[in-house]
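Undergrad: First, the structure itself, so that you have it in front of you.
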Amino acid sequence: MQIYTIPAEISDQCRKWQAEGKTIALVPTMGYYHKGHESLMRQARNCADKVVVSLFVNPTQFGPAEDLDSYPRDFERDCMIAEKNGVDAIFCPDSAAMYEENHAAWVEVPTLASGLCGASRPGHFRGVCTVVLKLFMITRADTAFFGQKDWQQQAIIKRMVRDLNIPLQVISLPIVRENDGLALSSRNVYLSENERAQAPYIYKGLELGRTLAAAGEKNAEKLRTAILTYWAENLPLGKPDYLSVIHPDSLEILKEVNGPALIACAVHLGKARLIDNILLK
Ligand code: AMP
Numbered sequence: 405m406q407i408y409t410i411p412a413e414i415s416d417q418c419r420k421w422q423a424e425g426k427t428i429a430l431v432p433t434m435g436y437y438h439k440g441h442e443s444l445m446r447q448a449r450n451c452a453d454k455v456v457v458s459l460f461v462n463p464t465q466f467g468p469a470e471d472l473d474s475y476p477r478d479f480e481r482d483c484m485i486a487e488k489n490g491v492d493a494i495f496c497p498d499s500a501a502m503y504e505e506n507h508a509a510w511v512e513v514p515t516l517a518s519g520l521c522g523a524s525r526p527g528h529f530r531g532v533c534t535v536v537l538k539l540f541m542i543t544r545a546d547t548a549f550f551g552q553k554d555w556q557q558q559a560i561i562k563r564m565v566r567d568l569n570i571p572l573q574v575i576s577l578p579i580v581r582e583n584d585g586l587a588l589s590s591r592n593v594y595l596s597e598n599e600r601a602q603a604p605y606i607y608k609g610l611e612l613g614r615t616l617a618a619a620g621e622k623n624a625e626k627l628r629t630a631i632l633t634y635w636a637e638n639l640p641l642g643k644p645d646y647l648s649v650i651h652p653d654s655l656e657i658l659k660e661v662n663g664p665a666l667i668a669c670a671v672h673l674g675k676a677r678l679i680d681n682i683l684l685k
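Each number in the working numbering corresponds to the 1-based position in the sequence shown with 404 added.
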């Protein structure tokens, strides 16, 4: 596995691979790998000749009061995990390599980015879209892999790709969870023992919502109330940021569940802000 820090150098390598007729899959990440990242790497490995993983804690997607400086990092371990999963190249630039002085071009998908995580993290998805488009341009990958844990993110990226005619296929993969249901996240390391013990109730609450919907409850507000009540009882340390019943593609808030629907949430638990979601069938 090769390690690149300079955009022009990974670009050159990708151009060489493409000149040899090789396909390239890209997995954008911020590192501190867990089995969710590994699932993306493995799937990328299955679908392309060459797998590039980017490892970049992108400053422009963090707000001023967020955890950019304390975001967990373990480069050596990440390299071992990437190599084990058959990754061909890691691209780990520093901020100055990605953002030149006077960087002034930004990409936004405002209609999808204003609600949910975008409401409490203004500018977050502008930073995500911009860095992801830069990674797409640097690698000119054929496919890119994203996790459904960040449902809003993958919906926004898919829309950006469609609307800007980017010649790349976006593939999103299911959430990988701990045995107790907690969605794997690099930020789970922030949890204290007590918080970790309560964290699985985030997903158990979402499952309750899905069960009620499957039993015929169509009223979104009733689903929300049932989940919030369940969380109040079982997740007293958690402070819900949002809990929304939405259309999976348009991300519009639904009043009634009559077709495709997703329940998405963010919950503050101690220092961590955890997100999760569940599709209603
Ligand atoms: P991150 O390093 O947290 O920015 O995540 C990099 C990619 O991994 C994103 O596309 C995430 O959606 C995805 N990801 C993170 N956690 C999970 C998980 N538990 N299951 C599946 N994908 C995940």
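For every residue, glycine included, the Cβ atom is placed at its ideal position computed from N, Cα and C. Since this is a predicted model, take the numbers as computed values, not measurements.
Excluding the five sequence neighbours on either side, which residues of its own chain have a C-beta within less than 7 Å of the C-beta of P664, listed in chain order?
TA: Cβ neighbours of P664 beyond the five flanking positions: H651 and P652.
Undergrad: Rounding to the nearest angstrom, what Cα-Cα distance links Q556 and D453 in this structure?
TA: Computed Cα separation, rounded: 29 Å.
Undergrad: Using the Cβ count rule (16 or more neighbours within 10 Å means buried), how would you classify T534?
TA: By the neighbour-count rule (16 or more Cβ atoms within 10 Å), T534 is buried.
Undergrad: Could you have a look at I570 and say whether DSSP puts it in helix, strand or coil?
TA: Three-state result, I570: coil.
Undergrad: Smallest Cα separation from S589: which of C669, V580 and M502?
TA: For the residues C669, V580 and M502, the minimum Cα distance to S589 belongs to V580.
Undergrad: Run through DSSP, which three-state label would I560 get?
TA: The answer is helix: DSSP assigns I560 an H, G or I state.
Undergrad: Using the beta-carbon count (16 or more within 10 Å), is P432 buried or exposed?
TA: It counts as buried.
Undergrad: Within 7 Å: the Cβ of H441 and any heavy atom of the ligand AMP?
TA: Checking every heavy atom of the ligand AMP against the Cβ of H441, one is found closer than 7 Å.
Undergrad: Shorter than 7 Å, the distance from the beta carbon of D478 to the closest heavy atom of the ligand AMP, or not?
TA: False, no ligand heavy atom lies under 7 Å from that Cβ.
Undergrad: Any heavy atom of the ligand AMP closer than 7 Å to the CB of I579?
TA: Within the cutoff, so yes.
Undergrad: Considering just the uninterrupted stretch of the beta strand (DSSP E) at R677, what are its terminal residues?
TA: A676 to L684 is the span of the beta strand (DSSP E), which, as asked, contains R677.
Undergrad: May I ask whether a heavy atom of the ligand AMP can be found less than 7 Å away from the beta carbon of G551?
TA: Answer for G551: yes, Cβ within range of the ligand AMP.
Undergrad: I need the boundaries of the alpha helix (DSSP H) containing H441, first residue and last residue.
TA: Element bounds for H441: K439 to C451.
Undergrad: Y475 to D645, Cα distance in whole Å?
TA: When rounded, the distance between both Cα atoms is 20 Å.
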